[in-house]
Amino acid sequence: MNLNKTFESLQIKEMQIRNYSPRTIKTYCSLLIKLEKDLGKSLYEVTTEDFKNWLHYLITKKGISVSTVNQLISAFKIFHVDVCHRKWEEFHVRRPRKEKKLPIVLSLQEVQRMITVTNNIKHRAILMLTYSAGLRRMEVLQIKPRDIDSQRMQVRIVQGVNRNQKYSENGNPTTVKTGTIIQ
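The sequence shown begins at 8 in the working numbering and counts up by one.
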């Protein structure tokens, strides 16, 4: 059983209007196809009880993560509310609470030691830039040499959190060093 092409195109259209990334659209559609296949019925016929039982099965038997559960709920909510024009409140599906994990924070000495023992100059520059500008892993992976402004001591973040663009303020000479090394 496949997601009805009309419903699928309406779902895709709705997500494109909301400026969802192509990857999110693909993920949501594949999750809805999986839901339809697992339950053996059209998405339009899925009841609250069906959906909750399916989620319970996936959580308890398959061990899916909280983020995957949230993706499933979001995908089905778009289908339920925006494609089928139904009220979500009548569906009564709550999102699970996410575990709150504290990040691992390295001390200044640990960061300095890590930079010192790194022999490759490019890797050392990347570590220095990461810690001096306070960048996230994905932000660092997407930086190009043209994104480093050594004069203003700023780093341009093109695809940051929530696909936002920003400048990372860095009043540190590390930016100048890193920009020179990378270029």
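Backbone N, C-alpha and C define an ideal beta-carbon position, used for all residues, glycine too.
Checklist entry - To the nearest angstrom, how far is it from the Cα of Ser72 to the Cα of His63? => result Here residue 72 refers to the residue found at position 65 of the sequence shown. Here residue 63 refers to the residue found at position 56 of the sequence shown. The C-alpha of His63 is placed about 12 Å away from the C-alpha of Ser72.
Checklist entry - Over what stretch of residues does the alpha helix (DSSP H) that includes Ile40 continue unbroken? => result Counting from 1 along the sequence shown, the entry for residue 40 is found at position 33. Run containing Ile40: 29 to 46, per the alpha helix (DSSP H) assignment.
Next on the checklist: With three or more beta-carbon pairs closer than 8 Å as the criterion, would you say the segment 21 to 40 touches the segment 77 to 87?
Outcome noted: The segment 21 to 40 makes contact with the segment 77 to 87, as at least three CB pairs between them are under 8 Å.
Item to check | the segment 134 to 154 in contact with the segment 93 to 112 per 3-pair CB rule at 8 Å | outcome: Taking 8 Å as the limit for Cβ pairs, the verdict is that the segment 93 to 112 does not touch the segment 134 to 154.
Checklist entry - Who are the Cβ neighbours of Thr34 in its own chain at under 7 Å, not counting the five residues just before and after it? => result Counted from its first residue, the sequence shown places residue 34 at position 27. So the qualifying residues of the chain are Gln78.
Next on the checklist: Suppose the cutoff is 8 Å on Cβ atoms and the five residues either side in sequence are ignored; what does the same chain contact list for Asp154 look like?
Outcome noted: Translated into positions along the sequence shown, residue 154 becomes position 147. If you ignore the 5 residues before and after Asp154, its C-beta comes within less than 8 Å of the C-beta of Val162, Arg163, Ile164, Val165, all in its own chain and listed in chain order.
Item to check | Beta-carbon separation (whole angstroms), Leu17 vs Val88, contact threshold 8 Å | outcome: The residue you call residue 17 lines up with position 10 of the sequence shown. The residue you call residue 88 lines up with position 81 of the sequence shown. Going by Cβ atoms, the distance from Leu17 to Val88 rounds to 12 Å, so no, they are not a contact pair.
Item to check | Inter-residue Cα distance where the pair is Val183 and Thr31 | outcome: Within the sequence shown, numbered from 1, the residue matching residue 183 stands at position 176. Within the sequence shown, numbered from 1, the residue matching residue 31 stands at position 24. With a pLDDT of 48 at Val183, under the threshold of 50, the modelled position of this residue cannot be trusted; read the value that follows with caution. The alpha-carbon atoms of Val183 and Thr31 are separated by roughly 37 Å.
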